[in-house]
Amino acid sequence: MNKLILILPILSLIGIQLFFILNQKNNLQNLVPVTFDQFQECTDEIPDISELPCAATESFRNATEKFFNATTPDYPNVPQACSDYYNYTQQEISIEDFINQNNYFLNCFITENVREIANSEECFFKHFYAPTYLLCGGFNIYAYPPYTKYDIKN
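85 is the number that UniProt numbering gives to position 85 of the sequence shown; each next residue is one higher, with no gaps.
This is the structure in structure tokens:
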């Protein structure tokens, strides 16, 4: 009987934790909503990458090419969200509208495939992709381990 009294609260706590874990939102849209105005202000503060020596390397150019091939609507095998995001930005939008409307931004620029491309080259990740798309885009969680091996603070 005493064991049951001890086990019951523990099982209840485990059940409550599982409930909250399973009901967490999978996308980050509502966690850090970013408006077009906020995004523009943030990206304006990013230093010009063309002045960095690492941006002149072949590996940086390769990562850049792969990134744009994976996110530019005109290329084959690009997610529909990239076309949707491009079309969304061509509409009459307010600076107060959110960049991640209908998860277009997330499903174009923050996909596992795109993050894998970005993580393939340190300079590209630390000085272009992470500052622009992760930090300014409101997806900060992906700018740090375990999602990347790089320390963006250095």
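Positions of the beta carbon are idealized from the N, C-alpha and C atoms, including for glycine.
Sequence-distant residues of the same chain with beta carbon closer than 7 Å to residue i, five excluded per side
i: Tyr75; result: Asn69
i: Thr64; result: Phe124
Cβ neighbours of residue i in the same chain (closer than 6 Å, five flanking residues each side left out)
i: Phe152; result: Here residue 152 is Ile; the residue named in the question, Phe, does not match the sequence. Closer than 6 Å at the Cβ level, and outside the excluded window around Ile152, lie Lys126, Ala130, Ala143.
i: Ser59; result: Glu121
i: Pro146; result: none
i: Ala81; result: Tyr104, Asn107, Cys108
Beta carbon proximity, residue i to chain D, threshold 7 Å
i: Ile110; result: Looking for chain D here will not work: only one protein chain is present.
Environment of residue i [buried if 16+ CB atoms lie within 10 Å]
i: Ala56; result: exposed
i: Arg115; result: buried
i: Ile117; result: buried
C-beta atoms of residue i and residue j nearer than 7 Å
i: Thr43; j: Thr111; result: no
i: Asn113; j: Thr148; result: no
i: Ile95; j: Asp37; result: yes
Own chain, CB closer than 8 Å to residue i, minus 5 neighbours either side, in chain order
i: Gly137; result: Val34, Phe39, Ile99, Asn100, Phe105, Phe109, Ile110
Rounded straight-line distance, which links the Cα of residue j to that of residue i
i: Asn87; j: Pro73; result: 10 Å
i: Asn62; j: Asp84; result: 26 Å
i: Asn77; j: Thr71; result: 9 Å
i: Gln91; j: Pro79; result: 20 Å
i: Ser50; j: Glu41; result: 20 Å
Point to revise | Minimum length 4: unbroken alpha helix (DSSP H) runs contained in the region 81–133 | key: 104–109, 112–119
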